[in-house]
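Here the sequence shown is numbered in our numbering, starting from 3 and rising by one per residue.
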Amino acid sequence: MISKKIAEEIKNLLIQLEIEKKEDLHQYNLKMQSNSLIDRRNKGVCWYPVKLEKTNYDAGENLLVSVSRNPEHIVSHLFQSGKLVSLFSNSGKNEESNTFVTGVVNRVSELEMLITINANSFPEWINDGKLGVQLLFDDNSYDEMNRALNYLLKTEKETLIRLINIILGNSEPEFEEKYPVTIPSLNESQNKALNLVLSAKDIAIIHGPPGTGKTTTIIQAILQTLKTEKQVMVCAPSNAAVDLLVEKLSEVGIDVVRIGHPARVEEKNLQATLDARITHHESYADLMMVRKEADKLFKKARKYKRNFGAAERQERKDLYSQAYRLLDEAKMLSHYITNNIIAKAQVIACTLVGAANVNIRGMQFKTVFIDEAAQSLEPAMWIPIIRADRVIIAGDHQQLPPTIKSIEAAKNGLGITLFEKAIKRNNADVMLKEQYRMNELIMNFPSNYFYEKKLIANEKVKDWKIFDSDIAVEFIDTAGTGFMEEIDEETKSTFNREEVNLLFRHFIDYINTAISNNAEIKDIGIISPYRAQVVLLQEYFKEMQKPEEIDLSKIVSINTVDSFQGQERDIVYISLVRSNNNGEIGFLSDIRRMNVAMTRARKKLVVIGDSGTICRNEFYNSFFDYVNKIGAYRSAFEFLY
Numbered sequence: 003m004i005s006k007k008i009a010e011e012i013k014n015l016l017i018q019l020e021i022e023k024k025e026d027l028h029q030y031n032l033k034m035q036s037n038s039l040i041d042r043r044n045k046g047v048c049w050y051p052v053k054l055e056k057t058n059y060d061a062g063e064n065l066l067v068s069v070s071r072n073p074e075h076i077v078s079h080l081f082q083s084g085k086l087v088s089l090f091s092n093s094g095k096n097e098e099s100n101t102f103v104t105g106v107v108n109r110v111s112e113l114e115m116l117i118t119i120n121a122n123s124f125p126e127w128i129n130d131g132k133l134g135v136q137l138l139f140d141d142n143s144y145d146e147m148n149r150a151l152n153y154l155l156k157t158e159k160e161t162l163i164r165l166i167n168i169i170l171g172n173s174e175p176e177f178e179e180k181y182p183v184t185i186p187s188l189n190e191s192q193n194k195a196l197n198l199v200l201s202a203k204d205i206a207i208i209h210g211p212p213g214t215g216k217t218t219t220i221i222q223a224i225l226q227t228l229k230t231e232k233q234v235m236v237c238a239p240s241n242a243a244v245d246l247l248v249e250k251l252s253e254v255g256i257d258v259v260r261i262g263h264p265a266r267v268e269e270k271n272l273q274a275t276l277d278a279r280i281t282h283h284e285s286y287a288d289l290m291m292v293r294k295e296a297d298k299l300f301k302k303a304r305k306y307k308r309n310f311g312a313a314e315r316q317e318r319k320d321l322y323s324q325a326y327r328l329l330d331e332a333k334m335l336s337h338y339i340t341n342n343i344i345a346k347a348q349v350i351a352c353t354l355v356g357a358a359n360v361n362i363r364g365m366q367f368k369t370v371f372i373d374e375a376a377q378s379l380e381p382a383m384w385i386p387i388i389r390a391d392r393v394i395i396a397g398d399h400q401q402l403p404p405t406i407k408s409i410e411a412a413k414n415g416l417g418i419t420l421f422e423k424a425i426k427r428n429n430a431d432v433m434l435k436e437q438y439r440m441n442e443l444i445m446n447f448p449s450n451y452f453y454e455k456k457l458i459a460n461e462k463v464k465d466w467k468i469f470d471s472d473i474a475v476e477f478i479d480t481a482g483t484g485f486m487e488e489i490d491e492e493t494k495s496t497f498n499r500e501e502v503n504l505l506f507r508h509f510i511d512y513i514n515t516a517i518s519n520n521a522e523i524k525d526i527g528i529i530s531p532y533r534a535q536v537v538l539l540q541e542y543f544k545e546m547q548k549p550e551e552i553d554l555s556k557i558v559s560i561n562t563v564d565s566f567q568g569q570e571r572d573i574v575y576i577s578l579v580r581s582n583n584n585g586e587i588g589f590l591s592d593i594r595r596m597n598v599a600m601t602r603a604r605k606k607l608v609v610i611g612d613s614g615t616i617c618r619n620e621f622y623n624s625f626f627d628y629v630n631k632i633g634a635y636r637s638a639f640e641f642l643y
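As structure tokens, this is what we get:
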């Protein structure tokens with residue numbers, strides 16, 4: 003059994019997880035409490051009415067429904083890929099519970115949504131009009147996390163108890179001496195991390211700061227591990243992170259089976275899903291034939307009526323008996339196909355919660371790889387670890403942590419990730435040091451502040467710029483301008499209208515200068531930590547006059563910091579928003595979020611903010627000193643006249 007100290011730590015997690023679930027449900031209910039569909043639409047949890055655009059099937063023969071909403075109904079919404087929803091039809095009297103089907107969002111934009119519905123056939127009412135889509139509360143992940151924590155408390159599996167003790171710092175990790183492997187395509191620190199993985203008996207940790215090739219290193223570690231192991235599990239907290247791994251593994255010829263709802267899988271990876279693999283299995287035609295024969299027998303049996311004689315009743319009974327036998331045969335055949343596909347796969351890929359999928363629930367793996375581990379709640383991490391003899395975790399605890407709804411739960415332990423615990427309590431990590439994304443001037447500040455000045459820029463990116471005379475970093479200071487922040491009364495989010503105007507004034511000047519220097523611009527990100535500011539930036543961008551020489555609408559993305567996690571852009575603008583007399587910075591105090599924002603930029607980073615407000619915080623004061631040191635400081639007054 004696990005030690006009393008660790009047991010108390012896990013019991014506390016169970017308590018905090020329940021608090022988090024209640025808060026999550028409470029916030030959901032607040033948004034859903036209105037009986038008016040229009041009110042729910044304004045809160046971003048309902049699209050009504052929607053137009054049915056088309057119905058279709060995906061590679062696994064799942065049912066797809068595409069809907070759109072009217073442009074006049076565009077408001078900020080909470081729908082995201084992977085979210086559970088209800089597709090309903092009613093007469094506009096809030097009776098959606100009477101006629102509905104659940105589904106999962108494949109993808110969603112401002113106007114359109116693609117949904118995989120959980121049904122065997124399209125509903126009869128789907129073409130009747132008056133359709134709507136509503137967000138549902140999904141407690142499955144909470145159930146699985148709860149189940150995993152309780153399993154830890156009672157487990158008697160020696161390998162798991164040993165892993166628990168090592169990860170949580172009660173025992174020392176062990177490494178075996180092996181002849182070092184050197185992969186020419188990897189740099190020194192990447193090869194060091196690879197060899198740590200190959201020599202680890204129980205745990206190895208890859209610490210991958212932005213742009214250092216963490217995914218490349220993980221893929222190579224998986225490839226090398228598969229030389230001695232028949233099969234491994236590969237997980238990540240988000241579907242997007244799993245899909246990236248599936249894509250990279252497939253490119254190098256690894257047989258991957260992607261476990262999870264097809265709606266949560268990127269279209270290019272659908273062929274790797276279990277559903278799609280089943281439809282392409284050599285025995286699938288036999289399965290369909292058995293199912294069709296059973297269906298015929300059921301239809302034939304149902305034609306008879308109650309007033310038939312004894313012989314007819316016996317015949318009907320025999321038909322039902324034959325049909326049920328065929329269904330049993332179909333179940334066995336389906337079970338065989340599924341197990342055959344999974345058994346042959348080199349990699350089983352899924353989200354952390356997906357590791358509890360019924361098709362793989364009883365499986366045990368010699369090695370489980372977990373990417374983006376610093377973005378996951380600890381309870382979710384234990385779901386795949388339960389199935390591991392050893393675990394390889396990769397991530398960066400200096401970037402965005404997992405989102406937690408309950409402040410109380412976060413303060414009482416849920417806010418600390420298992421990655422943070424493992425890297426602090428064990429001597430089992432290697433940090434990747436050479437980064438391939440950013441100009442050195444963009445890299446240096448986060449390297450100094452978060453990574454002990456250990457990052458070095460690869461020669462190819464060290465000095466790259468948009469054009470030769472450009473400077474890679476600019477901080478535009480709005481102090482003294484009177485550009486004061488405001489609060490959106492409905493969302494309570496903060497925005498700064500004058501800062502938006504200033505940002506686009508600089509933006510247009512800069513783009514015109516880049517064009518005159520014949521610069522090639524691939525992509526641009528405009529980022530703000532505040533949703534209300536993002537909405538304002540998006541509205542302004544649509545209306546502003548743009549240069550004719552370049553189609554900015556195709557290369558500019560405007561969104562929150564969280565939405566840019568894992569991405570990168572040639573040019574990044576960051577609007578800090580906060581400007582007040584009290585030095586209150588609220589959301590900006592989460593400096594890991596700012597680390598993510600700043601490190602999205604490859605060649606140009608422009609930060610706009612009020613030094614008088616933000617520099618009372620140590621992080622922003624250090625950034626202010628840095629931009630002055632490198633000559634990147636500019637006053638907003640330069641752009642006002």
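C-beta atoms are modelled at their ideal positions from N, C-alpha and C, and glycine is treated no differently.
Note that the structure is predicted; figures quoted are calculated from it, not measured.
Check: Looking at the structure shown, is Trp-49 part of a helix, part of a strand, or coil, going by DSSP?; Outcome: strand
Check: Under 8 Å Cβ to Cβ from Val-52, same chain only, skipping five residues before and after it: list those, please.; Outcome: Val-69, Ser-70, Arg-71, Met-115, Leu-133, Gly-134 and Val-135
Check: Is Ile-205 helix, strand or coil by DSSP?; Outcome: strand
Check: Let me check one thing: in DSSP terms, what residues is Met-433 bridge-paired to?; Outcome: His-209
Check: Report the CB separation of Leu-170 from Arg-427 in whole angstroms; it is logged as a contact under 8 Å.; Outcome: 6 Å
Check: Assign Pro-182 to buried or exposed, taking buried as 16 or more other Cβ atoms, counted over all protein chains shown, within 10 Å of its Cβ.; Outcome: exposed
Check: By alpha-carbon positions, which one of Ile-573, Gly-614 and Asp-525 ends up nearest to Thr-650?; Outcome: Absent from the structure is residue 650, since the part of the chain shown begins at 3 and ends at 643.
Check: Under 8 Å, with one C-beta from each stretch per pair, do the stretch 611 to 630 and the stretch 446 to 463 reach the 3-pair mark?; Outcome: yes
Check: To which residues does DSSP link Cys-237 through a beta bridge?; Outcome: Cys-352 and Ile-372
Check: Can the beta-carbon of Ala-347 be found less than 9 Å from the beta-carbon of Phe-371?; Outcome: no
Check: Spatial neighbours of Leu-329 within its chain, please: C-beta separation below 6 Å, excluding the five flanking residues on both sides.; Outcome: Ala-296
Check: With respect to the beta strand (DSSP E) encompassing Ile-528, which residues constitute its N-terminal and C-terminal limits?; Outcome: 526 to 530
Check: Between Gln-540 and the ligand GDP, is there a pair consisting of the residue's CB and a ligand heavy atom that are separated by less than 8 Å?; Outcome: The ligand GDP is not part of the structure shown, which contains no ligands of any sort.
Check: Using alpha carbons as the reference points, say which of Gln-82, Glu-442, Ile-610 and Arg-533 lies closest to Ala-652.; Outcome: Because the chain is modelled from 3 through 643, residue 652 falls outside the range shown and cannot be assessed.
Check: Where does Asp-257 sit, in a helix, a strand or coil, going by DSSP?; Outcome: coil
Check: Determine the DSSP secondary structure at Tyr-438, reduced to helix, strand or coil.; Outcome: coil
Check: Are the beta-carbon atoms of Ala-274 and Arg-260 separated by less than 9 Å?; Outcome: yes
Check: Give me the residue from Ala-411, Glu-179 and Glu-269 with the minimum Cα distance to Lys-23.; Outcome: Ala-411
Check: Does the Cβ of Ile-40 have 16 or more other Cβ atoms within 10 Å, making it buried, or fewer, making it exposed?; Outcome: exposed
Check: For Leu-15, count neighbouring C-beta atoms within 10 Å of its own C-beta (all shown protein chains included) and say buried if the count is 16 or more, exposed if not.; Outcome: buried
Check: Could you tell me how far apart the beta carbons of Ala-603 and Arg-636 are, in whole angstroms, since I believe they sit closer than 8 Å?; Outcome: With 8 Å as the limit, Ala-603 and Arg-636 do not qualify as a contact, their Cβ atoms being about 17 Å apart.
Check: Take Asn-583 as the anchor and find which of Glu-268, Arg-594, Asn-142 and Cys-617 has the nearest alpha-carbon.; Outcome: Cys-617
Check: Could you tell me which residues DSSP puts in a beta bridge with Tyr-67?; Outcome: It is Val, not Tyr, that sits at residue 67 in the sequence shown. Thr-57 and Ile-117, per the DSSP bridge assignment.
Check: Excluding sequence positions up to five away, which residues of its chain have a Cβ less than 6 Å from the Cβ of Lys-45?; Outcome: Lys-33
Check: Ordered along the chain, which non-local residues of its own chain (more than five positions away) have a Cβ less than 6 Å from that of Ile-168?; Outcome: Pro-175, Asp-204 and Ile-205
Check: Under 6 Å Cβ to Cβ from Leu-554, same chain only, skipping five residues before and after it: list those, please.; Outcome: Lys-548
Check: Within 10 Å of its beta-carbon, does Ile-560 have 16 or more other beta-carbons around it, so buried, or fewer, so exposed?; Outcome: buried
Check: Smallest Cα separation from Gly-364: which of Ala-390, Arg-327, Asp-431 and Gln-377?; Outcome: Ala-390
Check: With distance defined between alpha-carbon atoms, name the residue in Asp-373, Val-608, Gln-401 and Tyr-532 nearest to Asp-472.; Outcome: Val-608
Check: Ordered along the chain, which non-local residues of its own chain (more than five positions away) have a Cβ less than 8 Å from that of Leu-155?; Outcome: Ile-4, Ala-9, Ile-12 and Lys-13
Check: Between Ile-513, Leu-434 and Glu-461, which lies nearest to Glu-190 when the distance is taken from Cα to Cα?; Outcome: Leu-434
Check: Between the beta-carbon of Gln-569 and the beta-carbon of Gly-633, is there less than 9 Å?; Outcome: no
Check: Verify whether the separation of the beta carbon atoms of Ala-238 and Leu-354 is less than 9 Å.; Outcome: yes
Check: Short of 8 Å in beta carbon distance, which residues of its chain neighbour Asn-129, apart from the five on each side in sequence? Order them along the chain.; Outcome: Leu-54
Check: Run through DSSP, which three-state label would Tyr-30 get?; Outcome: helix
Check: How long is the line joining the alpha carbons of Trp-127 and Pro-386, rounded to whole angstroms?; Outcome: 41 Å
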